[in-house]
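Just so it is clear: in the sequence shown, position 39 is 39 by UniProt numbering, and no numbers are missing.
What follows is a set of notes on a single structure, which appears directly below.
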Amino acid sequence: MTGAAYAGAVHGLLSWWDGVELWLSGLGFVLQTIIVMPVVLMLAYAIALVIDVILGNGIRVLRRLRGPDRRLR
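Below, the structure written as structure tokens:
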């Protein structure tokens with residue numbers, strides 16, 4: 001993608017986002033909450049899943065590097 005095409009795509013995305021933001025800010029608080037909360041909850045769930053996978057893999061690698069199970073006594 002060339003610089004001009006990229007700039008045009010970014011400008012289009014930002015213009016669309018401005019329109020969505022204006023539309024959403026014109027709604028009442030209850031409607032804003034009904035529309036925004038499912039999106040926020042899905043994003044939070046997706047981020048939690050990614051973090052869980054990363055930490056799980058990290059722990060698995062550390063256990064493999066440590067060798068046999070060495071428990072504190």
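Even for Gly, the Cβ is constructed at its ideal location relative to N, Cα and C.
This structure is a prediction, so every number in the text was calculated from the model and none was measured.
For Asp69, no alpha helix (DSSP H) segment is defined, and its DSSP state is neither H nor E. Contact between Leu24 and Ile35 holds, with the beta-carbon distance rounding to 7 Å and staying under 8 Å. Distance between Val50 and Ile59, taken at the CA atoms: about 14 Å.
Under the three-state reduction of DSSP output, Gly26 falls in the coil class, being neither helix nor strand.
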